[in-house]
Amino acid sequence: MDLVEAGLGCGSDTAHLSLLGYDPRVYYQSREAFESMGAGLAMALGDIAFQSNFAMMDENTGIVTSRRAD
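So in our numbering, spot 70 of the sequence shown is number 1214, and the numbers just go up one at a time.
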């Protein structure tokens, strides 16, 4: 099911672009690219930004105990 339209992710990143008057079909790059630029990292044409998340897991049970590693 496509909540917005086919090929357009339904998330805060595309929603914020729309609210600010930018067409996400034209200006959306990826959440990672926006977060990189927000952190002060320059992004050039052809650059790729990746995101990774760390979590805490109980070694005995293998259950994730926290989705954020502090």
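C-beta: ideal position from N, C-alpha, C; glycine also.
How close, in whole Å, do the beta carbons of residue i and residue j come, if the pair is a contact with beta carbons under 8 Å?
i, j, result
"A1193", "A1177", "5 Å"
Using the C-alpha atoms, what's the distance from residue j back to residue i?
i, j, result
"M1181", "M1187", "7 Å"
"G1190", "N1204", "43 Å"
"S1174", "G1153", "10 Å"
"T1209", "D1157", "27 Å"
"S1162", "A1150", "16 Å"
"E1179", "D1202", "29 Å"
Residue range of the beta strand (DSSP E) that residue i falls in?
i, result
"S1210", "V1208 to S1210"
For the alpha helix (DSSP H) that residue i lies in, which residues bound it at each end?
i, result
"T1090", "Given a span of 1145 to 1214 for the chain in the structure shown, any question on residue 1090 remains unanswerable."
"S1162", "S1156 to L1163"
"F1178", "R1175 to G1182"
"Y1171", "P1168 to Y1171"
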